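For reference, the structure is listed below as structure tokens.
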Amino acid sequence: MGVTRADIGRIAQLAELAVDEAAAAELERQLSRILDYVAQLAQLPDDEAVSGDERAVRLRRDEVAPDPLERPIQEIAPAFRSGLFLVPRVAELDPGAEAP
0 MGVTRADIGR
10 IAQLAELAVD
20 EAAAAELERQ
30 LSRILDYVAQ
40 LAQLPDDEAV
50 SGDERAVRLR
60 RDEVAPDPLE
70 RPIQEIAPAF
80 RSGLFLVPRV
90 AELDPGAEAP
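Residue numbers (numbering that gives the first Met the number 0): 0 to 99.
Here's what the structure looks like:
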């Protein structure tokens, strides 16, 4: 199966590409080789003794598991009690001009 110059011209027209004669000759050669290779692949024997399930790729089970690098939140919190982060009051951070 080959590609003709007319095919290249039609593809270029549909893709709105400008293809000169030198590029068209190279594209004709490359696309013909690709189509010939695909035709060869189609001729490979299909082993009918093997069912579709046996040829399928085996994937691992999808199981939810904790991340081994994950640390408990209490380890990264500066202060933590009863499931809550403890933070200082805003007034304690900036006592302002009235502080002794």
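Glycine residues also receive a C-beta, built at the ideal position from the N, C-alpha and C atoms. Model, not experiment: these values are computed from the prediction.
Item, Value
"Need the endpoints of the alpha helix (DSSP H) that Asp35 sits in, please.", "20-41"
"I'd like to know whether the C-beta atoms of Val18 and Leu26 end up nearer to each other than 8 Å.", "yes"
"Three-state secondary structure (DSSP) at Arg9?", "helix"
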